[in-house]
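Visitor:
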């Protein structure tokens, strides 16, 4: 039997200016826990997987809102593994993430890796709405197949609007059923790990980091807005995280001046 579950997070400021969580609703395999945040006054929520998910046919969703002036980080304790469902022809699993950051809010979306296991099919959507003065750090990491196996089917779409205008809209597709060439030299080139880091920072103004290569399989792209997108291919999860972490440190240093 497939699972339908939605977890909700709402962050607001209290009378002292600290970020509090009046809404922290777990559901099904999506268990949310408030964990220690840095700096003090911010809030951090960690997703703890309560069971194996998503399986074929599951419908999972996470909704997070960072209210005006809040500082919210959402992370996870372990990777998410997309697995095939029961039956000879299981339905695709769907995972929908909806994020909103209001004026002067800071939202850090930092889940662990998403692993596309052989035989699975996952359609994942991330929709983000940002106020003009909101800040965002988003990290996505996708591992195509567990050790010694080929990948499942993974369709992933990321859509970001800032001040009501499109900032980024991209779709990635890997595995059986994806458009031809996804595993060729023009796309993955034999790599099994792909990830990206999106930083939206009003302090960039009309400037921001210039587009440039960060390595043989990593690039920083300046977007048409106060934002930068880092895209990375790597041979494994450890290498991927290392490159993304270095890029994040570099972008944070640019903000500090």
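Residue numbers (the working numbering): 450 to 706.
A virtual CB, placed ideally from N, CA and C, is assigned to each residue, including glycine.
Identify the continuous alpha helix (DSSP H) that holds residue 701 and give its terminal residues.
Guide: Segment 686 to 705, the alpha helix (DSSP H) holding residue 701.
Visitor: Beta strand (DSSP E) containing residue 575: first to last residue?
Guide: 570 to 579 is the extent of the beta strand (DSSP E) around residue 575.
Visitor: Rounding to the nearest angstrom, what Cα-Cα distance links residue 642 and residue 560 in this structure?
Guide: Their backbone Cα atoms lie some 15 Å apart in a straight line.
Visitor: Just the C-alpha distance for residue 666 and residue 681, rounded to the nearest angstrom, thanks.
Guide: Approximately 6 Å, taken between the alpha carbons.
Visitor: Thinking C-alpha only, which one of 519, 546, 621, 625 is nearest residue 569?
Guide: Residue 569 has its Cα closest to that of 625, out of 519, 546, 621, 625.
Visitor: Please state whether DSSP places residue 642 in a helix, a strand or coil.
Guide: Strand.
Visitor: Can you give me the Cβ contacts of residue 479 inside the same chain, cut-off strictly under 7 Å, excluding the 5 residues immediately before and after it?
Guide: These residues qualify, in order along the chain: 454, 456, 496, 509, 511.
Visitor: If I measure Cβ to Cβ from residue 577 and keep anything under 6 Å in the same chain, skipping five residues before and after, which residues do I get?
Guide: Closer than 6 Å at Cβ, skipping near neighbours: 548, 609.
Visitor: Measuring alpha carbon to alpha carbon, tell me which of 663, 582, 584 ends up nearest residue 694.
Guide: The candidate whose alpha carbon is nearest that of residue 694 is 663.
Visitor: What did DSSP end up calling residue 652 once you bin it into helix, strand or coil?
Guide: Residue 652: helix per DSSP, three-state reduction.
Visitor: Short of 7 Å in beta carbon distance, which residues of its chain neighbour residue 551, apart from the five on each side in sequence? Order them along the chain.
Guide: Here the set comprises 515, 516, 517, 580, 583.
Visitor: Tell me whether residue 459 sits in a helix, a strand or coil according to DSSP, three-state version.
Guide: Here residue 459 sits in strand by DSSP.
Visitor: What residue range is occupied by the uninterrupted beta strand (DSSP E) comprising residue 550?
Guide: Taken as a continuous stretch (DSSP letters only), the beta strand (DSSP E) holding residue 550 covers 542 to 550.
Visitor: Flag this pair as touching only if the segment 631 to 638 and the segment 648 to 656 have three or more C-beta atom pairs under 8 Å; answer yes or no.
Guide: Cβ pair count under 8 Å is below three, so no.
Visitor: Going by Cα to Cα distance, which pick from 477, 452, 473, 489 is closest to residue 465?
Guide: Ranking 477, 452, 473, 489 by Cα distance to residue 465 puts 489 first.
Visitor: Thinking just about the alpha-carbon of each residue, which of 520, 599, 573, 474 is nearest to the one in residue 504?
Guide: With distances taken between Cα atoms, residue 504 lies closest to 573.
Visitor: Measure the alpha-carbon distance for residue 540 versus residue 507 and round it to whole angstroms.
Guide: Using only the alpha carbons, I get a separation of about 8 Å.
Visitor: What does DSSP give as the partner residue(s) for residue 565 in the beta ladder?
Guide: Residue 565 pairs with 531, 593.
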